[in-house]
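Peer 1: Following this message is one structure expressed as structure tokens.
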Amino acid sequence: MADTTNTTHANRARAATENPVKRFFRATEIDTRLLGMIGAMLIIWIGFDLLSNGLFLTPRNLWNLSVQTASVAVMATGMVLVIVTRNIDLSVGSILGFVGMIMGVLQAEVLPQFLGFEHPAIWIVTLLCGIALGGAIGALHGSIIAFLNVPSFIVTLGGLLVWRGATWFVTSGRTVAPMDSTFRLMGGGTEGSIGATASWIVGAIACIAIVFAIINSRKQRQRFGFPQRPMWAEYFLVGVSCLIVLGAIAIVNSYAWPVAIARKYADANGIAWPDGGLFIAHGIAIPVLIAIGVGILMTFISTRLRFGRYVFAIGGNPEAAELAGIKTRWVTVRIFALMGMLCAVAAAISTARLNAATNAQGELDELYTIAAAVIGGTSLAGGMGTIAGAMLGALVMQSLQSGMVLLGIDSPLQRIVVGMVLVVAVWLDTVYRARAK
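Positions in the sequence shown are counted from 1; adding 127 to them yields my numbering.
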């Protein structure tokens, strides 16, 4: 009791001597690295908007940016677990391309022979087969790494070459199109979005979930005797989080269908065309919902399940984890199998968005995925990383690419910029870890 009292007095004395900014961050427990990344992203957005004469921060570009980010964000959530365990996966782009080609062939050429074109089950069978194939490829990589002791860099570098070559052999270099109409919904577009009303409902559910999460966190802290955040900090976190969610919903709902598509929809449904035109909001794109769902699931796996604790234990100290009874080899296999399944989900999004399976699909995605995870705070030294940070890192990477495309910057220079950003991110991680010691 005396120790607790002394600690409380010490904390109060320290808080009294801190400046207001430090007291604010201590009370709210906001991750300063994550906040810094958000600040950097806002600077990037404002800079590109000024250079593009206001084209970047338009609802249309921001909506497209969210759709383009989805596939890399999905893979980045798995890359976090891979890098946390001091491994690397250079094959994710090639796996995406290979699985995407298999899914394209299945729904365009194989399944219609048995089920007929546009059968309701085609997209389900295609997606399940793709996820199973991606998981099998990932498990193969993980088994070689774990049981044959081949470094992950070499195994996945070989996978990058093997699966890229296998993609070509599936159709001898031929592009496969078109995709099943229901499958295409996973790629976004006017039909692949949920509209204004459903988007506001999703936003309301998200706000309720935020409030519930804050309340539950406070109860858990009280239950185990952990320090509580001040009530003003709880209100602040709820308010800011809900404001961000509702602001994002307002932006996607302000992006209307193109006039030609809206007129076609009005004619098909007997809607009179008004003088000012018909405004139909896109709302949240389905691939964005998929990415958010994957992010929530991966956050739950990494923070709430025993498997997630094992992953971070292995990354922190592999020898100690093995001595503690953790089956490190099987955990490694499961991590890479999970990474393969996430590549399959990303392949479905990418193939649906293109409405075709191509040989170039997923090229250089391994660079963007690794960069997203590292920029998002995942340490290459292992043991540290967050799913939310990686998804935000994916948004930063896609923002850079989208902005450079708007400015008409050549593709080789875009790659130079991405490479420089990756090096700077690793350097900043090194500096951060050195100061944390």
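Ideal Cβ positions, reconstructed from N, Cα and C, are used throughout, including at glycine.
Note that the coordinates shown come from a computational prediction; the quantities given were computed from them, not determined experimentally.
Whole alpha helix (DSSP H) runs in the segment 373-414 with 4 or more residues, listed along the chain?
Peer 2: Counting only runs of 4 or more, we get 386-395.
Peer 1: Pick out whichever of Ile210, Val194, Asp158 has its Cα sitting closest to the Cα of Ser477.
Peer 2: Comparing Cα-Cα distances from Ser477 to each of Ile210, Val194, Asp158, the minimum goes to Val194.
Peer 1: So, for Leu549: in the same chain, excluding its five sequence neighbours on each side, which residues have a beta-carbon less than 8 Å away from its beta-carbon?
Peer 2: These residues qualify, in order along the chain: Leu494, Ile497, Ala498, Val501, Ile502.
Peer 1: Hey, how far is the Cα of Gly224 from the Cα of Val211?
Peer 2: When rounded, the distance between both Cα atoms is 25 Å.
Peer 1: Considering only DSSP beta bridges, list what Val303 is partnered with.
Peer 2: DSSP lists Ala484 as partners of Val303.
Peer 1: Go ahead and label Ser538 buried or exposed: buried means 16 or more other beta carbons lie within 10 angstroms of its beta carbon, across all protein chains shown.
Peer 2: Flag for Ser538 reads exposed.
Peer 1: Between which two residues does the alpha helix (DSSP H) containing Met524 stretch?
Peer 2: That run of the alpha helix (DSSP H) goes 514-533.
Peer 1: In three-state DSSP terms, what is Ser326?
Peer 2: Ser326 falls in the helix class under three-state DSSP.
Peer 1: Measuring CA to CA, which of Arg301, Cys369, Gly546 is closest to Arg485?
Peer 2: For the record, residue 485 in the displayed sequence is Thr; it is not Arg. The option with the nearest alpha carbon to Thr485 is Arg301.
Peer 1: First and last residue of the alpha helix (DSSP H) that includes Leu312?
Peer 2: Neither: Leu312 is in no alpha helix (DSSP H) and is coded neither H nor E.
Peer 1: If you follow the alpha helix (DSSP H) that Ala448 is in, where does it begin and where does it stop?
Peer 2: 445-450 is the span of the alpha helix (DSSP H), which, as asked, contains Ala448.
Peer 1: What three-state label does DSSP hand Trp457 in the structure shown?
Peer 2: Helix, per DSSP.
Peer 1: In its own chain, which residues sit with a C-beta less than 8 Å from the C-beta of Gly404, not counting the 5 before and 5 after it?
Peer 2: The residues are Val386, Ala389.
Peer 1: Spell out the partners DSSP gives Ser320 in its beta bridges.
Peer 2: Paired residues: Ala412.
Peer 1: Check Thr196 in the structure and name its three-state DSSP category.
Peer 2: Looking at Thr196 - three-state DSSP - the assignment turns out to be helix.
Peer 1: For Gly292, count neighbouring C-beta atoms within 10 Å of its own C-beta (all shown protein chains included) and say buried if the count is 16 or more, exposed if not.
Peer 2: Exposed is the call here.
Peer 1: Please classify Met358 as buried or exposed, where buried requires at least 16 other C-beta atoms within 10 Å of its C-beta.
Peer 2: It is exposed - the Cβ of Met358 has fewer than 16 other Cβ atoms within 10 Å.
Peer 1: With DSSP collapsed to three states, give me the class of Pro539.
Peer 2: Correct three-state label for Pro539: helix.
Peer 1: Could you check where the alpha helix (DSSP H) with Asp492 kicks off and where it finishes?
Peer 2: Asp492 -> alpha helix (DSSP H) spans 492-502.
Peer 1: Tell me whether Val553 sits in a helix, a strand or coil according to DSSP, three-state version.
Peer 2: Three-state DSSP puts Val553 in a helix.
Peer 1: Of the residues Val232, Val207, Met206, Phe152, which one's Cα is nearest the Cα of Ala483?
Peer 2: Checking every option, the nearest Cα to that of Ala483 belongs to Val232.
Peer 1: Flag this pair as touching only if the segment 415-431 and the segment 447-459 have three or more C-beta atom pairs under 8 Å; answer yes or no.
Peer 2: Verdict: no, contact absent.
Peer 1: Tell whether a beta-carbon distance below 8 Å holds between Asp216 and Met466.
Peer 2: A contact, by the Cβ cut-off of 8 Å.
Peer 1: In three-state DSSP terms, what is Arg436?
Peer 2: The answer is helix: DSSP assigns Arg436 an H, G or I state.
Peer 1: Report buried or exposed for Ala140, applying the criterion of at least 16 other Cβ atoms within 10 angstroms of its Cβ.
Peer 2: Confidence is the limiting factor: at Ala140 the pLDDT is only 49, short of 50, which leaves the residue's position unreliable, though a coordinate-based value still follows. Under this definition Ala140 is an exposed residue.
Peer 1: Could you say which of Asp158, Ile222, Gly316, Val544 lies nearest to Thr513 if we only look at CA atoms?
Peer 2: Checked all of Asp158, Ile222, Gly316, Val544; the closest Cα to Thr513 is Asp158.
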